[in-house]
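In UniProt numbering, the protein residues as written are 1 to 754. For each residue, glycine too, the CB sits at the ideal point set by N, CA and C. Notes for the one structure printed next.
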Amino acid sequence: MAVDFSKAVDDGLKLSKRIYFVKDRAVSPPKPPPPMARWATAFLPSAPMVYAVISDPGIVDNPDISSYQPHVYGRCDPPALIPLQMNAIEMEADCYHETAFVTVSGTWRLHCVMGSRSCDCRIAVPVSHQGSILGVEVSVSRKSYSTQLVVMGDENGNQNSAPPQNGGFLIPNIFTLTIPQVDGGSNLSIKVRWSQKIVYSKGQFSLNVPFTFPDFVNPAGKRISKREKIQINVDAVTGVELLCKTISHPLKEVRRHAGSMGFLYDSDVLSWSKVDFSFSYAVSSSHINGGVLLESASVQDFDEREMFYMYLSPGDIQSHKVFKKDIIFIIDISGSMRGKLIEDTKNALLTALSKLNHDDSFNILAFNGETYLFSKAMDLASGDAVERATEWINTNFIAGSGTNISHPLNTAIEMLSNIQSSVPIVFLVTDGTVEDERQICAMVKNRMINGESICPRIYTFGIGSFCNHYFLRMLAMIGRGQYDAALDVDLIEPRMLTLFDKASSLILANIKMDTLDDLDDLEVYPPHIPDLSSEGPLILSGRYRGNFPKTLKVKGILADFSNFVVDMKIQNAKDIPVQKISARDQIEHLTAQAWLMENKQLEQKVAKLSLQTGFTSEYTRMMIHETDHLKKVKESSGPKEASKKSNPLFEAPVQGQRMILLPHLGIGFGNLTATAENTPPGFESKLPEVPEIFKAATNCFETLCSYCCCMCCIQCCTRINSQCATALAQLCIGLGCFGCISCCSDICCSGNEG
């Protein structure tokens with residue numbers, strides 16, 4: 001899909017050369033990238049963009065002044081995408097500890113379509129890793145659009161819903177939305193809101209927002225002003241001094257208080273931003289510290305319990321010693337991993353091995369239908385051992401059929417069960433789904449030992465969308481580890497190494513909270529507290545009834561196995577929205593629990609939390625609410641009938657309004673069929689175009705095949721040999737001739753000509 005999108009934009013840029021802008025030198029035709037830069041995804045958006053969807057090239061022209069160019073015959077199939085010119089852009093980011101809420105507002109003009117014609121407009125928004133779309137609002141001419149979430153299944157009862165339109169995620173980090181039939185020359189005012197994680201690395205919090213605009217979105221005309229505004233608000237929960245490190249744009253500090261600061265940039269520019277926005281800051285602290293924020297439930301909250309948000313920060317990483325580790329890598333080498341996936345995984349694994357300390361121990365398990373073991377015992381990470389492991393990886397990492405996770409995972413836990421003087425770690429990497437995932441979770445839960453010793457930690461890494469990410473998340477929760485994923489297969493190496501860095505830099509283990517036993521109806525996310533790493537803060541959140549204790553101590557074990565205690569600072573949340581910053585993690589943890597327990601009540605709880613906070617989930621779906629204000633005014637001025645029902649769910653559809661259903665935005669619970677067939681992540685099977693002569697046979701033949709014509713039958717047909725295909729084609733044509741008498745003579749004539 002990404003390649004098709006980029007190709008459509010390339011076609012749109014070529015088509016936009018038809019647009020005539022009088023003699024304004026400032027708006028020469030857009031220049032495509034040089035040949036060296038034309039790779040498959042060269043035209044994917046690197047900032048929020050809007051495109052005109054052009055099926056009929058004849059409508060492409062300046063909406064203000066016609067160019068009277070020769071008429072273009074034919075159609076664009078697939079449609080071309082012409083980037084719209086942008087007149088204003090504004091970005092605001094509210095940063096709370098490790099979560100940022102970004103709002104981008106802008107104005108675009110449909111400058112490439114005749115004033116008397118219209119076309120669809122497609123919005124494309126790139127979001128950073130672990131980003132979540134919260135909402136889109138669009139205002140154009142007499143219509144307005146806004147997104148909202150509905151519970152899965154509710155859309156079936158909506159009589160005023162349109163069928164699903166183009167939208168959803170183009171690739172895992174690019175969200176698209178199509179606005180239907182916008183008149184040429186119209187201005188589109190668009191506001192997009194999303195959340196994303198603030199990256200923590202080497203003691204600094206870093207926010208990165210895609211904000212690189214290409215030259216061809218500059219508006220036509222020298223006299224048109226271009227307004228660019230960026231506003232950043234930082235509210236740290238620690239209340240200590242914040243140190244600004246780097247800023248990509250010329251922002252000025254406009255506010256600074258204890259634990260908070262603000263920056264602003266507002267100016268007329270000659271051209272839009274050429275670099276992504278980046279901003280980093282540090283919290284001044286030389287030791288492990290933490291605190292708890294408390295917030296009461298709102299009146300609209302479906303859950304009446306109080307909320308808490310607990311954070312534990314590593315402080316100055318240079319002052320802490322990391323645990324020695326015994327780590328076993330379990331790597332999927334099934335058939336779906338062939339090619340680039342297995343090579344990128346090998347590269348990441350080899351890099352991880354090179355980062356091990358000489359007193360660390362390691363082993364490697366590769367699996368498909370079989371299990372391959374590097375060594376019968378744990379090996380010290382010496383140069384010789386790493387070299388032997390490299391040779392073994394190059395020899396044995398050959399993609400094969402089958403996926404069996406249970407056996408290698410059980411073997412790894414057994415090998416690490418007697419470790420005493422280090423942290424035992426299982427690092428699982430897979431791109432597939434297996435049938436016994438719930439049994440695997442039960443097995444791992446039974447193998448985890450409760451006591452003073454450190455039980456094996458499980459870190460899981462998912463590749464693509466065919467694996468069950470909620471199984472991997474639950475496995476990591478049970479094993480007191482962490483989970484990460486590369487939904488975009490091009491990010492396997494960096495994401496896998498980021499997770500490895502967290503696993504290899506543990507500074508506090510076996511973390512426990514005291515004095516919470518007196519609270520009623522206590523719920524903590526995640527339920528099993530992970531270890532604290534120098535590569536990021538530890539975040540816990542939850543709900544409770546009763547009075548939260550005035551003091552709270554957190555205990556753990558340091559790398560020298562000495563006991564550690566820290567007093568948590570407890571305060572009421574003022575400027576920090578506790579529910580908002582913890583909602584996404586709670587939704588994902590609850591979804592994993594609902595999947596494991598197959599609990600419908602938990603699913604309903606996730607759906608309610610999703611609707612209340614605006615974060616999408618597996619049990620909710622996004623819809624576009626379209627309002628035609630002109631029709632609404634006409635309706636309001638006419639005679640009104642008294643409604644028999646007061647419940648809005650039972651009211652008749654309102655004139656001038658409709659709901660446009662979007663595809664499901666969730667990642668799902670894995671794909672057993674794709675795993676069994678060794679389908680690589682990202683692979684999309686495309687059926688060939690059906691010739692016109694076969695379309696004539698459809699109406700007659702569909703009755704005969706109504707009980708057997710399905711996707712399975714189509715896939716079966718793709719595997720038959722050419723002789724059988726020819727015979728079936730002739731049969732279909734013959735049946736089509738009997739069923740379509742009005743077209744029989746034309747078909748026979750075309751057959752005689754052939």
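Measuring CB to CB, does residue i end up less than 8 Å from residue j?
i	j	result
Ala-389	Leu-353	yes
Lys-324	Ser-421	yes
Lys-569	Asp-514	no
Asp-431	Ile-463	yes
His-589	Met-496	no
Leu-149	Arg-621	yes
Asn-678	Ser-401	yes
Lys-346	Phe-397	yes
Ile-667	Ser-465	yes
Glu-137	Asp-344	no
Thr-616	Tyr-470	no
Asp-11	Cys-76	yes
Pro-681	Ser-336	yes
Ser-334	Thr-403	yes
Met-310	Glu-295	no
Gly-481	Pro-549	no
Ala-233	Asp-276	Sequence inspection shows Asn at residue 233; the Ala mentioned does not correspond to that position. Contact flag unset, no.
Leu-516	Phe-461	no
Met-114	Phe-213	no
Going by CA-CA distance only, name the one from the options that's closest to residue i.
i	options	result
Asp-316	Leu-508, His-287, Asn-547, Ala-236	His-287
Asp-575	Leu-293, Leu-270, Ala-8, Arg-545	Leu-293
Phe-263	Leu-270, Glu-304, Arg-255	Arg-255
Phe-377	Asp-484, Phe-397, Asp-276, Asp-326	This sequence places Ala at residue 377; Phe is not what is there. The shortest C-alpha separation from Ala-377 is found at Asp-326.
Glu-228	Leu-242, Asn-218, Pro-210, Asp-268	Asp-268
Ala-348	Met-1, Asp-501, Ala-2	Asp-501
Leu-428	Gln-130, Val-199, Thr-411	Thr-411
Ser-118	Pro-219, Phe-466, Gln-181	Gln-181
Ser-582	Trp-595, Gln-601, Leu-609	Leu-609
Phe-205	Tyr-73, Asp-360, Asp-567, Ala-282	Ala-282
Asp-94	Met-1, Asp-235, Ser-225, Ser-46	Asp-235
residue 779	Met-597, Leu-596, Thr-613	This structure cannot settle anything about residue 779, because the visible part of the chain is limited to 1 through 754.
Ile-123	Gly-167, Tyr-68, Met-474	Gly-167
Thr-351	Lys-445, Asn-599, Ala-42, Val-386	Val-386
Lys-274	Leu-243, Lys-226, Phe-211	Phe-211
Ser-313	Val-151, Asp-567, Phe-279	Asp-567
Ser-128	Asn-572, Pro-527, Phe-175, Ser-298	Phe-175
Cys-244	Ser-280, Ser-361, Gly-369	Ser-280
Which residues in the same chain have their Cβ closer than 7 Å to the Cβ of residue i, if we skip the five residues on either side of it in sequence?
i	result
Pro-408	Ile-330, Leu-365, Phe-367, Thr-371
Leu-15	Ile-54, Pro-57, Val-60, Ala-80, Ile-82
Asp-4	Pro-78
residue 763	One cannot answer for residue 763 here, as it falls past the ends of the chain, which runs 1 to 754.
Glu-241	Ser-284
Thr-41	Ala-2, Val-3, Ser-6
Tell me which same chain residues have a C-beta within less than 6 Å of the C-beta of residue i, skipping the five on either side of it?
i	result
Pro-163	Residue placement at Pro-163 is flagged as unreliable, the pLDDT there being 47, under the threshold of 50; a coordinate-derived value is accordingly withheld.
Leu-672	Thr-433
Gly-479	Arg-457, Ile-458
Lys-580	none
Asp-520	Arg-545, Gly-546
Glu-92	Thr-103, Gln-231
Met-448	Cys-455
Ser-271	Asn-218
Lys-191	Ser-105, Glu-137
Cys-467	Thr-430, Asp-431, Gly-432, Thr-433, Gly-670
With a threshold of 8 Å on Cβ separation, who are the neighbours of residue i within its own chain once the five nearest residues in sequence on each side are excluded?
i	result
His-358	Leu-380, Ala-381, Ser-382
Phe-564	Ile-288, Leu-508, Lys-555, Gly-556, Ile-557, Leu-558
Lys-686	With a pLDDT of 44 at Lys-686, under the threshold of 50, the modelled position of that residue is not reliable, and the figure given next carries that caveat. Cβ within range, chain order: n/a, list empty.
Glu-304	Ala-297
> What are the uninterrupted segments assigned as beta strand (DSSP E) that are 3 or more residues long and contained completely in the segment 369-400, given in chain order?
Replying inline: DSSP runs (the beta strand (DSSP E)) wholly in the segment 369-400: 371-373.
>> Assess contact between the segment 240-260 and the segment 182-189, defined as three or more Cβ pairs (one per stretch) separated by less than 8 Å. Is contact present?
In response: At 8 Å Cβ cutoff, the stretches do not touch.
> Counting only runs that start and end within the segment 200-273, where is the beta strand (DSSP E) found for 3 or more residues in a row?
Replying inline: For the segment 200-273, whole beta strand (DSSP E) runs of length 3 or above, ordered along the chain, are 204-209, 227-235, 242-247, 252-257, 260-268.
> Does the count of Cβ pairs from the segment 243-251 and the segment 100-117 closer than 8 Å reach three?
Replying inline: Fewer than three pairs of CB atoms, one per stretch, sit closer than 8 Å, so the segment 243-251 makes no contact with the segment 100-117.
> Using 8 Å as the threshold, is the segment 482-497 in touch with the segment 506-520, meaning 3 or more CB pairs across them?
Replying inline: Because the criterion of three Cβ pairs below 8 Å is not met, the segment 482-497 and the segment 506-520 do not touch.
> What are the complete beta strand (DSSP E) segments, minimum 3 residues, inside the segment 509-555?
Replying inline: The segment 509-555 contains, as complete beta strand (DSSP E) runs of 3+ residues, the segments 520-525, 538-545 (chain order).
> Hey, is the segment 96-106 in contact with the segment 193-209, meaning 3+ C-beta pairs nearer than 8 Å?
Replying inline: Touching, yes, given that three or more Cβ pairs across the two stretches are closer than 8 Å.
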